[in-house]
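Each position in the sequence shown, counted from 1, maps to that position plus 233 in the working numbering. Beta carbons are placed, not taken as given, at the ideal position from N, Cα and C, and that holds for glycine.
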Amino acid sequence: MAGVTFSIVARDGDGFGVAVASKFLAAGAYVPAAEAGVGALASQAFSNLAYRPAGLAYLRQGRSAAETVALLTSGDDDRDTRQLGAVGRAGAGSSFTGANCLPWAGGRSGEGYAVQGNILAGEEVVVAMERAWLAGAGADAGGGGANRFAWRLLAVLEAADQAGGDRRGRQSAAILVASPGAGYGGSDLAVDLRVDDHPRPLEELRRLLALHDFYFGQPDPACLVPMEGGLLDEVALLLAKVGFPPAGAGQPFVRRALAEWASIENLEMRYAGGPLLDPVVLSFLREKAAS
């Protein structure tokens with residue numbers, strides 16, 4: 234990948250993530266790799282796609298990020314054109330920049346993260362990325378768990394862009410997060426969002442991540458409300474207005490109708506039939522009934 238690319242690989246407990254932006258079509262298809270409980274890599278500049286499965290295999294063996302980077306690059310005759318970031322289960326991340334990567338090119342790393350970029354406005358871009366990561370910028374923008382991690386990764390990309398970013402423009406961006414059981418249906422694929430071709434890819438990625446929060450975010454247990462009394466009656470009425478009238482009176486019928494409606498609206502991660510209701514689902518139901 235000869236195009237502009239800046240990325241972060243990072244660890245959050247047993248979760249691992251990669252965020253990347255580039256003046257290159259569909260950077261998310263070529264740069265990131267992550268596996269829950271194992272690690273993450275970003276292969277860029279003149280990207281070696283084989284680094285990703287091989288690197289994850291090394292990390293799965295328990296090798297450190299630095300060992301993994303050394304093993305991958307030492308056997309690569311074109312390593313001077315490569316750029317690579319890696320993070321493993323423990324310790325510092327590692328960043329490698331080949332001598333022939335187009336300037337400015339370089340990276341920084343520390344405990345649980347590595348940031349890197351090429352054809353950047355200057356070193357200040359990776360400095361801004363590191364500063365944003367260490368400050369936890371963006372972590373409170375979205376939902377909890379893996380999405381909180383994803384928002385933090387996005388904030389790092391935005392900090393890079395604000396610091397001058399790439400020198401040739403913008404085209405694509407992506408976020409990949411793998412975290413145990415945090416994805417759809419209990420999978421480890423917590424977030425996998427790509428903007429392949431867009432004049433403002435980070436803005437579009439932010440929009441998509443907000444939608445991801447809405448559809449796949451985990452309800453906050455402290456905010457759930459019991460469906461009983463007046464609220465139960467209201468939900469039954471709202472469901473009738475949107476074409477899902479309960480088949481009878483009482484909570485079991487309302488819950489069944491609500492679960493069916495939620496599934497149609499792709500909200501099954503937020504409501505699966507229980508007696509407690511996520512305010513996000515209630516608000517959306519009210520909006521639908523009023524439209």
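* Of all the alpha helix (DSSP H) runs that stay within the bounds of the region 377 to 453, which reach a length of 4 or more residues? -> Segments of the alpha helix (DSSP H) lying fully in the region 377 to 453: 378 to 395 and 434 to 449.
* Asked: Would you call Asp466 buried or exposed, if buried means 16 or more other Cβ atoms sit within 10 Å of its Cβ?
  -> Here residue 466 is taken as the residue at index 233 of the sequence shown, counted from 1. Result: exposed.
* Contact set for Ala235: own chain, Cβ-Cβ below 7 angstroms, skip 5 residues either direction -> The sequence position of residue 235 within the sequence shown is 2, counting from 1. Here Ala235 scores only 45 on pLDDT, less than 50, and its place in the model should not be relied on; the value that follows carries that caveat. So the qualifying residues of the chain are Phe279.
* Extent of the continuous beta strand (DSSP E) run through Pro265 -> On the sequence shown, residue 265 is found 32 positions in, with the first residue counted as 1. Residues Pro265 to Glu268.
* **Ala325 - partner residues in DSSP beta bridges** => One-based indexing of the sequence shown puts residue 325 at position 92. DSSP, once it has assigned bridges, lists Glu344 as partnering Ala325.
* Rounded C-alpha distance that separates Ala423 from Asp446 -> The residue you call residue 423 lines up with position 190 of the sequence shown. The residue you call residue 446 lines up with position 213 of the sequence shown. Distance between the alpha carbons of Ala423 and Asp446 is about 11 angstroms.
* If you draw a straight line from the C-alpha of Ser405 to the C-alpha of Pro434, how long is it? -> Along the sequence shown, read from residue 1 onward, the residue named residue 405 stands at position 172. Along the sequence shown, read from residue 1 onward, the residue named residue 434 stands at position 201. One C-alpha to the other measures close to 5 angstroms.
* Asked: Under 7 angstroms between the Cβ atoms of Glu357 and Ala388?
  -> Start at 1 with the first residue of the sequence shown, and residue 357 comes out as number 124. Start at 1 with the first residue of the sequence shown, and residue 388 comes out as number 155. In this structure, Glu357 keeps its C-beta atom at 7 angstroms or more from the C-beta atom of Ala388.
* To do: Look at the alpha carbon of Ala522 and the alpha carbon of Met362, and state the distance between them as a whole number of angstroms.
  => By 1-based counting over the sequence shown, the position of residue 522 is 289. By 1-based counting over the sequence shown, the position of residue 362 is 129. The alpha-carbon atoms of Ala522 and Met362 are separated by roughly 44 angstroms.
* Would you kindly work out how many angstroms separate the C-alpha atoms of Asp429 and Ala325, rounded to a whole number? => Residue 429 sits at position 196 when you count from the first residue of the sequence shown. Residue 325 sits at position 92 when you count from the first residue of the sequence shown. Taking the straight line joining both Cα atoms gives about 30 angstroms.
* Ile352 (DSSP reduced to helix, strand or coil) -> Walking along the sequence shown from the start, residue 352 turns up at place 119. DSSP, reduced to helix, strand and coil, places Ile352 outside both helices and strands of the structure shown, so it counts as coil.
* Would you kindly work out how many angstroms separate the C-alpha atoms of Asp425 and Asn333, rounded to a whole number? => Your numbering for residue 425 matches position 192 in the sequence shown. Your numbering for residue 333 matches position 100 in the sequence shown. Cα-Cα distance, rounded: 31 angstroms.
* Confirm, please, whether the CB-CB distance from Ala266 to Leu289 is below 7 angstroms. => By one-based count along the sequence shown, residue 289 stands at place 56. By one-based count along the sequence shown, residue 266 stands at place 33. Contact check for Leu289 against Ala266 passes: the beta carbons are separated by less than 7 angstroms.
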